[in-house]
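Residue numbers (our numbering): -15 to 161. Below is one structure, written out as structure tokens; the observations come after it.
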Amino acid sequence: EKILIAFDAAGKESRLTLTLTEGDARSIFVNIVSDLLKYSQFYEHTSDQVMAEQLITRYDRWQEIFRKRKSEKLNQKQIVGLFGELSFLHDVASNIFGLPQAIFSWTGPNPDEQDFLFPNTLVEIKSTRQSKDAKIHISSENQLDISSGRIFLIYQTLSTGTGDNLNQLVEKIRTDA
-15 EKILIAFDAA
-5 GKESRLTLTL
5 TEGDARSIFV
15 NIVSDLLKYS
25 QFYEHTSDQV
35 MAEQLITRYD
45 RWQEIFRKRK
55 SEKLNQKQIV
65 GLFGELSFLH
75 DVASNIFGLP
85 QAIFSWTGPN
95 PDEQDFLFPN
105 TLVEIKSTRQ
115 SKDAKIHISS
125 ENQLDISSGR
135 IFLIYQTLST
145 GTGDNLNQLV
155 EKIRTDA
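Below is the structure:
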């Protein structure tokens, strides 16, 4: 590993340490550390343990991004889920919090947590293409954990036809950012 992570909980203070072990990853390291520092603001009023767990989870997401191969394609269910999350980000969250905050609050493809982490507010998005499919699948009890704030569950049925496709929606978000 090019970046090592360690958590030390000694006494009243805790410390999360990231260490760059190879210089060729410096720019990536700076971006990851910057992201983690910004992300930590959502947990400044929680215990050190909760903050550390959330930061380690966020770091694990970064690692997952680098592990995935570009040739991997999303299946239809993943596309619908991603489209639903990005629709909420663009059409709802950006109007309430502003687009930069909405993007920053989006957690991405981690099935064990909520999709958006706003200060004291968590949002889980469930999307389907079939209105007859009224069942909602919760991946784990962590999706309903209210220790970090209120949870809102958004259930939406997406239809095919005249609206944007996933690539068009991503381009809209990029353009607006």
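Idealized CB from N, CA, C, for every residue including glycine. Predicted model, so just to flag it, every value in this text is computed and none were measured.
A direct Cα-to-Cα measurement between residue 1 and residue 28 gives close to 17 angstroms.
Below 8 angstroms, too few C-beta pairs join the stretch 40 to 50 and the stretch 103 to 116 to call them touching: fewer than three.
Pairwise C-beta distances place the stretch -14 to 3 in contact with the stretch 22 to 37, as three or more of them are shorter than 8 angstroms.
Beta-bridge annotation (DSSP): residue 13 is not paired with any residue. In terms of Cβ geometry, residue 63 and residue -9 do not form a close pair [threshold 8 angstroms].
Between residue 42 and residue 66, the CB-CB gap reaches or exceeds 8 angstroms.
Within 10 angstroms of the beta-carbon of residue -6 lie fewer than 16 other beta-carbons, which makes it exposed. Here the stretch 153 to 160 lies against the stretch 70 to 78, with 3 or more beta-carbon pairs under 8 angstroms apart. The three-state reading of DSSP puts residue -1 in strand, counting E and B together.
Comparing alpha carbon positions, the residue from 84, 12, -14 and 37 closest to residue 159 is 84. The continuous beta strand (DSSP E) containing residue 111 extends over residues 105 to 112. Beta-bridge partners assigned by DSSP to residue 90: 100. The beta carbon of residue 103 sits closer than 7 angstroms to the beta carbons of 26 from its chain, once the five residues preceding and following it are set aside; these are given in chain order. Note on geometry: alpha-carbon atoms of residue 138 and residue 38 lie some 22 angstroms from one another. According to the DSSP assignment, residue 67 belongs to no beta strand (DSSP E) but to the alpha helix (DSSP H) extending over 60 to 72. For residue 142, the three-state secondary structure derived from DSSP is coil.
Using a 10 angstroms sphere on the CB of residue 5, the tally of other CB atoms stays under 16, which defines it as exposed. Where residue 26 is concerned, there is no enclosing beta strand (DSSP E), because DSSP gives it neither an H nor an E.
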